[in-house]
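Before any comments, here is the structure.
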Amino acid sequence: MKRKEGILFILLALVVLGAGCTDKEQKGDNQTLSISGQWSPTSIDPHISGTVPQRLGYVETLVGVDYEGKIIPNLAKSWEVSSDGKKWTFKLREGVLFHDGTPFTAEIMKKSLERSFIQSASTFGKIPVTSIEAPDNLTLVISLNSTFPALPAYLSKGESAALAPGSYDASGNVTKPIGTGPFIFESYKPEEEIVVVKNPDYWGHVASVDKVVYRVIPEVLTRKMLLDSKDIQIAMILSPDVADKYTEKADYTVLEQPIARVRMIAFNTEKEPFNDKKVRQAVNYAIDREAIVNSVLSGYGTTASGLFPPQFYWANKDIAPYTYDVEKAKTLLDEAGWTDSDGDGIRDKNGKPMKITLVTYSERAELPSIAEVIQQQLKKVGIETELKVLNTDAANAQRNKGDFDIYLVGRGLFFVPDPDEIMMTDYHSSGTSIDGWGAYRWHNDTVDQLIEQARTTSDEATRKKLYDEVQAIVVEEAPVAYLNYYVNIDVTTSNIKGYRLHPTEYSFDLQNVSIS
0 MKRKEGILFI LLALVVLGAG CTDKEQKGDN QTLSISGQWS PTSIDPHISG
50 TVPQRLGYVE TLVGVDYEGK IIPNLAKSWE VSSDGKKWTF KLREGVLFHD
100 GTPFTAEIMK KSLERSFIQS ASTFGKIPVT SIEAPDNLTL VISLNSTFPA
150 LPAYLSKGES AALAPGSYDA SGNVTKPIGT GPFIFESYKP EEEIVVVKNP
200 DYWGHVASVD KVVYRVIPEV LTRKMLLDSK DIQIAMILSP DVADKYTEKA
250 DYTVLEQPIA RVRMIAFNTE KEPFNDKKVR QAVNYAIDRE AIVNSVLSGY
300 GTTASGLFPP QFYWANKDIA PYTYDVEKAK TLLDEAGWTD SDGDGIRDKN
350 GKPMKITLVT YSERAELPSI AEVIQQQLKK VGIETELKVL NTDAANAQRN
400 KGDFDIYLVG RGLFFVPDPD EIMMTDYHSS GTSIDGWGAY RWHNDTVDQL
450 IEQARTTSDE ATRKKLYDEV QAIVVEEAPV AYLNYYVNID VTTSNIKGYR
500 LHPTEYSFDL QNVSIS
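Start counting the sequence shown at 0; every next residue gets the next number (numbering that gives the first Met the number 0).
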């Protein structure tokens, strides 16, 4: 314990020293914005790991996403689709330069897309593409073998970013990502920090700050400590209990944003007890969702009925939520053959006690606390739960090996702002049968057929009905249990202006941020 206290003291001293340097730098001609979040790219290559590069603004995609979650022009200023839905023509923005001065052209975009489709095949392999052509410098044509209305949405994902030819070495590996965005990549220390600088030649709104230092800090209390010392000016995704402490402080601003993310548990449907729908439904009834929102989340968030939060167009708003009903849960468990035959308070079946393992991760600070509440609630219906709290990679590895009974996760829903990607990845059998984050080893023929029909249907209203039906079936069959929808909470120092949280987490839009 003394060793840990010593390390903490040293870290705090370094933080204070760092804060002094930051304050001094702000008083000079150059402004440095220091921010912190918990996620680091897994690779320097945005075609492999594009989320953070896109959010920090050193790469851009053909299509953007606005603050209502709708797709908008970005590097492509417009697009149109042929009458048969199989040929998409994108008109590119004129006068765009890569950070090394190379003009942005359709031919470069073509090669960049072709590479990204290979590097991130798990995502872009869902697109039925047959060819990409560049008939002139400002026209890109993507041909498909079937109608696929979700194409523009896929082309908003960070992994489809435009990279200049100078980004690669002779073997085709990215050594320095050269994009087109409002910021220029400067340096990257894996799991530590990314530094970007202002792009004075940006085609859009030129940034006010000269430099951004993004520090990777998985622990929420460390981010809080850095914010308290003013070593950072934006602390991202703080837990409700931590964020609440800033609401009465005049020199800080607390920002809230409902986002397209749901906390949910996925059941291991390959083995007992959760290969039985009645047991999965029983757990749904045994969980008091309101109590979790009020006690763990301090009222930040809303209880979940289906997959998508109701503020998004694609949500099925007619789904009846699972109510908190302990007696209903007990009845379903009785019907499934799980009873307390020896009176020890734990249900059993054929001599096997109902002892399960719940796996989650600590990077989302609230998940371990939610896991503890679920543990207590399941005990009331005779289910004994062991908790395993790991880091994200280790937790997901446990999940993918099937070494779990319940997996508690915060699932992002609109990294591709169209239902196709999340439906194919998390609920279609081609996705549930492999590594991932959604329903585990679950297969429903009707769901597969509905998803397949929706992805080749151009009429939006018809697609909506198909996806509504999928959502209803998933809630009934319960391969997952939806708990609550996220509200992201970021805290900034009061001298930060223009910072907004994005509902799909598409971008930080730091080019709009200034330091007063």
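All C-beta atoms, glycine included, are put in the ideal place defined by N, C-alpha and C. Note that the structure is a prediction, hence the values are computed from the model and not measured.
Alpha-carbon spacing of residue i relative to residue j, whole angstroms
| i | j | result |
| --- | --- | --- |
| Lys379 | Gly344 | 9 Å |
| Pro45 | Ala281 | 43 Å |
| Asp434 | Asn399 | 5 Å |
| Lys86 | Glu59 | 23 Å |
| Phe311 | Ala259 | 8 Å |
| Ser294 | Val128 | 48 Å |
| Gln53 | Tyr505 | 7 Å |
| Lys266 | Phe307 | It should be noted that the sequence gives Phe, not Lys, for residue 266. C-alpha separation (whole angstroms): 19 Å. |
| Leu509 | Leu412 | 23 Å |
| Leu254 | Asn511 | 16 Å |
| Ile43 | Gly68 | 27 Å |
| Thr302 | Asn172 | 44 Å |
| Leu407 | Ser130 | 40 Å |
| Ala516 | Leu331 | The structure shown does not extend to residue 516, since the chain is modelled only from 0 through 515, so no value can be given for it. |
| Ile34 | Met235 | 8 Å |
| Glu24 | Val194 | Note on Glu24: pLDDT 45, under 50, position unreliable in the model; the coordinate value appears next. Roughly 15 Å between the two C-alpha positions. |
| Lys329 | Glu371 | 20 Å |
| Ala160 | Gly49 | 7 Å |
| Ile141 | Asp444 | 31 Å |
| Ser82 | Ala120 | 27 Å |
| Leu220 | Arg363 | 12 Å |
| Ala393 | Trp38 | 15 Å |
Nearest to residue i (by Cα), restricted to the options the options
| i | options | result |
| --- | --- | --- |
| Glu326 | Ser361, Pro309, Gly381, Tyr167 | Gly381 |
| Ser432 | Lys244, Glu269, Gly350, Val80 | Glu269 |
| Glu192 | Leu154, Pro40, Ala234 | Pro40 |
| Asn198 | Lys210, Thr301, Ala169, Pro309 | Lys210 |
| Gly409 | Phe123, Val196, Ala160, Val479 | Val479 |
| Phe147 | Glu459, Val473, Phe507, Tyr485 | Glu459 |
| Phe507 | Tyr498, Ser515, Ser228 | Tyr498 |
| Glu93 | Ser186, Gly203, Val195 | Gly203 |
| Gly124 | Lys463, Asn144, Ala438, Ile107 | Asn144 |
| Trp473 | Thr503, Gly305, Lys387, Glu362 | This sequence places Val at residue 473; Trp is not what is there. It is Gly305 whose Cα lies nearest to the Cα of Val473. |
| Ile514 | Asp200, Leu150, Ile233 | Ile233 |
| Leu386 | Lys354, Asp392, Phe273 | Lys354 |
| Phe116 | His98, Leu154, Gly300 | Leu154 |
| Tyr439 | Asp404, Ser297, Leu449, Val469 | Asp404 |
| Gln524 | Ser428, Trp441, Glu218 | The structure shown does not extend to residue 524, since the chain spans only 0 to 515, so no value can be given for it. |
| Lys244 | Ser297, Ile291, Pro272 | Ser297 |
Own chain partners of residue i with C-beta closer than 6 Å, once the 5 adjacent residues on each side are dropped
| i | result |
| --- | --- |
| Ala477 | Arg279, Gln280, Asn283 |
| Lys223 | Val241 |
| Val208 | Gln30, Leu32 |
| Thr456 | Arg462 |
| Tyr529 | Nothing about residue 529 can be read from this structure; the chain reaches only from 0 to 515. |
| Thr503 | Val64, Gly68, Ala259, Phe413, Pro416 |
| Val486 | Glu255, Pro257, Tyr299, Gly300 |
Buried versus exposed call for residue i [16 or more other C-beta atoms within 10 Å across all chains shown]
| i | result |
| --- | --- |
| Gln574 | Residue coverage of the chain in this structure runs from 0 to 515, which leaves residue 574 outside it and unanswerable. |
| Ala249 | exposed |
| Thr179 | buried |
| Lys26 | Bear in mind that a pLDDT of 46 at Lys26, under 50, signals an unreliable position, so the number given afterwards is only what the model happens to contain. With fewer than 16 other Cβ atoms within 10 Å, it is exposed. |
| Lys188 | exposed |
| Leu500 | buried |
| Asn494 | exposed |
| Val64 | buried |
| Gln118 | buried |
| Glu158 | buried |
| Gly401 | exposed |
| Asp341 | exposed |
| Asn390 | exposed |
| Ser111 | buried |
| Gln375 | exposed |
| Lys496 | exposed |
Sheet register partners of residue i (DSSP bridge)
| i | result |
| --- | --- |
| Pro478 | Paired residue(s): none; Pro478 is not in a bridge. |
| Met263 | Val408, Tyr481 |
| Trp78 | Phe89 |
| Glu255 | Ile488 |
| Ala234 | Ser35, Val490 |
| Val388 | Thr359 |
| Ile193 | Tyr187, Tyr213 |
| Val473 | None, per the DSSP bridge assignment. |
Beta-carbon proximity list for residue i, same chain, < 7 Å, skipping 5 on both sides
| i | result |
| --- | --- |
| Gly336 | Lys348 |
| Asn274 | Thr268 |
| Ile177 | Phe97, His98, Asp99, Leu162, Ala163, Gly165, Ser166 |
| Leu226 | Ala234, Val490 |
Other residues of its chain near residue i: CB distance less than 8 Å, five sequence neighbours each side excluded
| i | result |
| --- | --- |
| Ala152 | Val62, Ile70, Val415, Pro416, Asp417, Asp419, Glu420 |
| Asp77 | In the sequence on display, residue 77 carries Ser and not Asp. Phe89, Lys90, listed in sequence order. |
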